[in-house]
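Undergrad: Numbering (our numbering), first residue to last: 411 to 711.
Backbone N, C-alpha and C define an ideal beta-carbon position, used for all residues, glycine too.
Remember, it's a predicted structure, so these values are computed and weren't measured experimentally.
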DNA sequence: ATTAGGACCTGTTTGC
DNA sequence: TGCAAACAGGTCCTAA
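#1: Would you mind working out which of 542, 557, 429, 701 sits nearest residue 726, comparing C-alpha positions?
#2: Thinking just about the alpha-carbon of each residue, which of 590, 681, 511 is nearest to the one in residue 606?
#3: Please report the residue range of the beta strand (DSSP E) in which residue 589 lies.
#4: Below 8 Å, can you find three or more Cβ-Cβ pairs linking the segment 469-489 to the segment 617-636?
#5: If distances are taken between C-alpha atoms only, which option among 581, 423, 689 comes closest to residue 499?
#6: Please classify residue 566: does DSSP put it in a helix, a strand, or coil?
#7: Counting pairs of beta carbons, one from the segment 619-631 and one from the segment 647-657, are three or more of them closer than 8 Å?
#8: Measuring alpha carbon to alpha carbon, tell me which residue in 670, 627, 626, 625 is nearest residue 647.
#9: Starting from the Cα of residue 519, find the closest Cα among 532, 553, 501 and give me that residue.
#10: Between residue 681 and residue 696, is the Cβ-Cβ spacing less than 7 Å?
#11: Report yes if the C-beta distance between residue 420 and residue 497 is below 7 Å; otherwise report no.
#12: Is the segment 423-433 close to the segment 610-625, with three or more CB pairs under 8 Å?
#13: Does DSSP classify residue 412 as helix, strand or coil?
#14: Tell me whether residue 505 counts as near the ligand HEM, meaning its Cβ is closer than 6 Å to at least one heavy atom of that ligand.
#15: In the DSSP assignment, what are the bridge partners of residue 683?
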C-alpha cells in the first residue's frame, strides 16, 4: 500500500499487534525479497530470531521495526511495500498466500506477521540505525541507513516547511516530478500528488523553479492536508491489493477529486477531468482550474 | 551535477 | 472470442 497514509495505517497496525513481541523464527522465500539486504535472506532470518520489537517507525513510505536483539546491537528491519506489498497479521494456520515472501513467528505463539507482495517491488532489509542529520525529532532510535537519503515527510516533526519550499524552487524540473522526488519531500506518490496539485490549482507540468514561494507553500500544505484526510479514512484502496494488517481497505477513494476521475466533472468548476501520460504513468487534472503551461522550449544552441 | 528515461515484476483491464 | 498491448499506487540506475 504505497503512499504515506496507507503506510501509516500499516505502521499503526503493527504497533497494535507486533510491538513488544519477541520474534522466534523467520522464514524468507526466494532471494528477491531480501535483495537490499547484502548478506542475504538466510542471514536476515537468522539475525532477527530472538529479537524483541521495541518500536515501529516510519518516514515517508519506508517503515521499520526497531529490534532489540540479545547481542545488544540494535538494528532495524526495514520494510518497503513497493507497489503491491502487504504486511498481514494472521494465524499461523491460515492458508499461505500465493505471493507470500516472508513469515515471522513470535515466542508468544500468537499470530504471525507475513509479508505478501505480488509485484515484488517491495522488500526487507536488516540495517543499522544512525542519528538523523536533519534532526531526531520523532525518531528517538534514529534512522535506518537505507532511509537516510529520504527527506522528512510533511506529517513528521522534523519537516521543515521553509527549507522544503526552497529546495522545491531550486529544481529546474516539472513540479509533479519534484513532488514525487522522495529526497525533496517524502510520502507523496501519484495519487496524492495529483490531489495536492488539483487543490492548489497548479498544473503538474509547471516548472518548479518558476513558481512563487507562496504557491509552492500552498502545494505542500495541500499535500499534507490531503494525506491527513486520507489517513483519517484508513487510506485509499481501489482493490484488495491495498489493505491494512487485518486485510481491510480504506475508503478515501470516495473523496478523490482528480486522481482516477477522468471524464468526471471537476468538483470545483464542473469541467471534465483530463488525463495525460506522465513518465510512464498518468496525471489527472482539471483543464480549467489547472491550466497547462506553454510547452517548455528546450534551449539548444 | 542535475535531470530524463528505462528497468525491475506480475496480474488485470482494455482494445483491436 | 482471443490475443496483445496498456496499465497499476514506487524506486533505482544509467546516460545525457
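TA: By the coordinates alone:
#1: Here the chain comprises residues numbered 411 to 711, so residue 726 is not present and cannot be evaluated.
#2: Numbered from 1 along the first chain, position 196 holds the residue referred to as residue 606. That would be 590, whose Cα lies nearest to the Cα of residue 606.
#3: Looking up residue 589 in the first chain gives position 179. Per DSSP, residue 589 belongs to no beta strand (DSSP E); it is in the alpha helix (DSSP H), 585-590.
#4: The segment 469-489, when compared against the segment 617-636, does not touch it at the 8 Å Cβ threshold.
#5: Along the first chain, one-based indexing puts residue 499 at 89. The residue among 581, 423, 689 with its C-alpha nearest the C-alpha of residue 499 is 423.
#6: The residue given as residue 566 occupies position 156 in the first chain. Three-state DSSP puts residue 566 in coil, outside helix and strand.
#7: Because the criterion of three Cβ pairs below 8 Å is not met, the segment 619-631 and the segment 647-657 do not touch.
#8: Residue mapping note: residue 647 aligns to position 237 of the first chain, counting from 1. If we check each option's Cα against that of residue 647, 670 comes out closest.
#9: Residue numbering aside, residue 519 sits at position 109 when the first chain is read from its first letter. Of the candidates 532, 553, 501, the one whose C-alpha sits nearest the C-alpha of residue 519 is 501.
#10: Working through the first chain from its first residue, we reach residue 681 at position 271. Working through the first chain from its first residue, we reach residue 696 at position 286. Against a cut-off of 7 Å, the Cβ pair of residue 696 and residue 681 comes out as a contact.
#11: Start at 1 with the first residue of the first chain, and residue 420 comes out as number 10. Start at 1 with the first residue of the first chain, and residue 497 comes out as number 87. Yes; because the gap between Cβ atoms is below 7 Å, this pair is in contact.
#12: Segments in contact, no.
#13: Within the first chain, the letter at position 2 stands for residue 412. Secondary structure of residue 412 (DSSP, three-state): coil.
#14: Ligands in the displayed structure: none, and consequently the ligand HEM is not present.
#15: Here the question's residue 683 lines up with position 273 in the first chain. Residue pairing by DSSP leaves residue 683 without any beta bridge partner.
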